[in-house]
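Reading through the structure tokens given below for one structure.
Protein chains in written order, with the working numbering: chain A, 680 to 1078; chain B, 680 to 1078.
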């Protein structure tokens, strides 16, 4: 009489894995060259030092590492983050900081704290695929705000906000995923002026902000936040190591308290050990020089990819030239499909992410995301040559 | 125009911390003696070995520890768990195992995968306080099934199931939290016979099962599960260290896949480092002897508490004599309130958990949970003497 197929909740009965996970069955094959994932380069991981630090914190602080901890995170790490954010122009107390197990969890906890089914959520177009998934699990109506080569268009946001109540606005202002675009300072100011007049919470998701390889840094949107209207998401995944799963939210205390209640009822707390490891690494003053090293590695990879794209991609293809982050964004001519192109690319053992899944609506059929952080230089050379050839074939066949 | 007080979801606007967290402001004071928390004893933590193991796995397997991992958990640990469960009479493949960041997360992920608002969930009476919280966040109607000194009463379950569809039945068969009671084998069989005729998923939550100090082990309920009707929750929190946050679910593959989707959209994956640490500790054959050491420590603590209760508690007071776990359950005479008793206990600097929060209904006003794993022998002696005196005062005043 037990039938598991009838068991699942409305949100979960139709839920599927995302395209990046689905591509994994190809991209995990050894001879495959993938520009699909978003993994940081393992050559940037400070392996030796983290091994030594793990040993040290477990020896010197064993009970604090191994006993149950508090749901908002270990105090020294929250203090460090508060100091950093304050130094970056966002006055922050420890009560404003909640440690999470990765920014994915920041997004999930914030969503469950604020979203009721049917609530409107506004996103850039395109935007981070997992954010779309999470908002939809909570039953939100996700709407794309028109965006251009400089990111979200303030006037388009204004229009959307005037159509009726909006619960959340989700933004990735620096080196956006998937486009690599950075929202200029002028637009950040315009957007903050607009949202001030509306009862909407803004997520400033910033996993890549410190990975800048050219151009001038733009201050956080939250430096303009006089109303406590922004929840800022920071993360150590891309600047230390993602496998540690340590990230944080900086927001007003009333919201922080709800996130902590959500965390109590989700995973109780982020493992103390991984928090102490991150804290020790930062407290040694290792973060800033380490980020410089990462930027050096990634700048080279970005430049290599841009020059290989020039060399190997047909002239009809567009791509962005990001100042930082891990991704660039490319477009086939209108009328072509990047999903169809996979049928050429996969037999040639090269992959990217078709861009349509990054859109809240039906657009983006001709777009694709290319990651430049993970492949070696040799793989990048070979992979982009192969992909360029297959694009050429596809454009030829379709013509 | 931004007003965070209007922001929160229906589930979160009224959500409060649980009583154990609220008592923390007292129990965290240095001179306070607390029987309230559920912390394992830090003297059981294998500090030195875990420090050495953390160093080793990070040195030898650094990229796997630090890069993004798979959402269902690292393969060697899933294999280990599958072998163990198979050896314990539950034939298990790796596809049936999902690693989680603590059993709290197992509960949360399973709840979100199956619960729609209004679904009925049956629990023991009393039951784990955080489970009540999680089910209610997902909008479930939680109903208590009558339970006695041997745990859930099968006939009462039968009645509840016949009243209409039930989505979940939540059980802690071994050394239950909060009562310390173990469900006898005969009842396990009866319950499985009953649920077979209904489309209900059973959670067998077993965080304490391996911590047995007397009596004979009772096989898992899941050994009787021919229909894939049980999701078994195991955890390393009480037998290695809770701060590592490593636990697991064993269940049929269709359910495991939904849990993995939930995890992808929650925290992506449990940190690889903590998984590799647990795996290495287990693979060295250290788990079984370590559990023996823990049982030796806890048996002594349980026996001490039982003998001190005999010595210091008034004769009107009832308490359970658990064969394992971390808790025992006590009752004041009918008509007395353990919440009221706190007004005597807290000024005397001793605490326990008032039992009413462990009930899905309004019962349990005269009950309390006492933890015996955490206090030192000296604190236990002093704390139970103080508590016994205050109970005496309270009984006297009320008389």
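Glycine residues also receive a C-beta, built at the ideal position from the N, C-alpha and C atoms. A quick note: this is a predicted structure, and the numbers were derived from the prediction, not measured.
Residue i - containing alpha helix (DSSP H), residue span
| i | result |
| --- | --- |
| residue 935/B | 932 to 943 |
| residue 824/B | From DSSP, residue 824/B is part of no alpha helix (DSSP H); its letter is neither H nor E. |
| residue 992/B | Segment: none, residue 992/B is in no alpha helix (DSSP H) and carries neither H nor E. |
| residue 928/A | Counting along the chain, residue 928/A falls outside any alpha helix (DSSP H), though it belongs to the beta strand (DSSP E) covering 926 to 929. |
| residue 958/A | 951 to 962 |
| residue 791/A | 782 to 793 |
| residue 901/B | No alpha helix (DSSP H) contains residue 901/B, which DSSP labels as neither H nor E. |
| residue 764/A | 754 to 766 |
| residue 1023/A | 1017 to 1024 |
Whole-angstrom distance between residue j and residue i, CA atom to CA atom
| i | j | result |
| --- | --- | --- |
| residue 788/A | residue 795/A | 13 Å |
| residue 914/B | residue 962/A | 32 Å |
| residue 885/B | residue 952/B | 24 Å |
| residue 967/B | residue 912/B | 19 Å |
| residue 1051/B | residue 769/B | 31 Å |
| residue 798/A | residue 707/A | 38 Å |
| residue 1003/B | residue 693/A | 42 Å |
| residue 690/B | residue 813/B | 10 Å |
| residue 1059/A | residue 811/B | 52 Å |
| residue 1037/A | residue 685/B | 30 Å |
| residue 955/B | residue 683/B | 41 Å |
| residue 1024/B | residue 740/B | 51 Å |
| residue 696/A | residue 1001/A | 28 Å |
| residue 1022/B | residue 1041/B | 20 Å |
| residue 957/B | residue 1015/B | 45 Å |
| residue 978/B | residue 781/B | 25 Å |
| residue 820/A | residue 934/A | 22 Å |
| residue 704/B | residue 1049/B | 18 Å |
| residue 1029/B | residue 976/B | 22 Å |
| residue 1013/A | residue 997/A | 11 Å |
| residue 835/B | residue 1055/B | 40 Å |
| residue 767/A | residue 898/A | 8 Å |
| residue 931/A | residue 909/A | 8 Å |
| residue 710/B | residue 742/A | 19 Å |
| residue 1010/B | residue 1073/B | 14 Å |
| residue 879/A | residue 916/A | 28 Å |
According to DSSP, residues forming a beta bridge with residue i
| i | result |
| --- | --- |
| residue 816/A | None; residue 816/A has no bridge partner. |
| residue 1033/A | 1047/A |
| residue 830/B | 827/B |
| residue 884/A | 912/A |
| residue 713/A | 1030/A |
| residue 799/A | 820/A |
| residue 1003/A | 891/A |
| residue 864/B | In the DSSP output, where bridge partners are listed per residue, residue 864/B has none listed. |
Spatial neighbours of residue i in its chain, beta-carbon cut-off 7 Å, leaving aside the 5 residues before and after
| i | result |
| --- | --- |
| residue 1061/A | 712 |
| residue 826/B | 803, 804 and 832 |
| residue 868/A | 903 |
| residue 938/B | 777, 788, 789, 792 and 928 |
| residue 758/A | 773 |
| residue 1033/B | 698, 1017, 1018, 1021 and 1047 |
| residue 756/B | 778, 954, 957 and 958 |
| residue 1043/B | 805, 1034, 1035 and 1037 |
Same chain only: Cβ atoms within 8 Å of residue i, ignoring 5 sequence neighbours per side
| i | result |
| --- | --- |
| residue 1071/B | 993 |
| residue 843/A | 799 |
| residue 746/B | 951 |
Beta-carbon proximity list for residue i, same chain, < 6 Å, skipping 5 on both sides
| i | result |
| --- | --- |
| residue 817/B | 790 and 794 |
| residue 839/A | 801 and 824 |
| residue 918/B | 889 and 970 |
| residue 737/B | 744 |
Extent of the continuous beta strand (DSSP E) to which residue i belongs
| i | result |
| --- | --- |
| residue 779/B | 776 to 779 |
| residue 911/A | 909 to 914 |
| residue 1006/A | 1006 to 1010 |
| residue 700/A | Not the beta strand (DSSP E): residue 700/A falls in the alpha helix (DSSP H), residues 698 to 706. |
| residue 729/A | Segment 726 to 739 is the alpha helix (DSSP H) holding residue 729/A; no beta strand (DSSP E) there. |
| residue 849/A | 847 to 850 |
Check whether the stretch 700 to 707 of chain A and the stretch 892 to 907 of chain A touch, using three or more Cβ-Cβ pairs below 8 Å as the test. Per the Cβ contact rule, the stretch 700 to 707 of chain A is not in contact with the stretch 892 to 907 of chain A (fewer than 3 Cβ pairs under 8 Å).
If you pair each beta-carbon of the stretch 760 to 779 of chain A with each one of the stretch 985 to 1003 of chain A, do three or more pairs fall below 8 Å? No, the stretch 760 to 779 of chain A does not touch the stretch 985 to 1003 of chain A.
Does the stretch 960 to 976 of chain A come close enough to the stretch 839 to 855 of chain A that 3 or more CB-CB pairs lie under 8 Å? no
Count the C-beta pairs between the stretch 1053 to 1069 of chain B and the stretch 745 to 762 of chain B that are closer than 8 Å, then say yes if the count reaches three, no if not. Verdict: no, contact absent.
Is the number of C-beta pairs between the stretch 932 to 951 of chain A and the stretch 718 to 725 of chain B that are closer than 8 Å three or more? no
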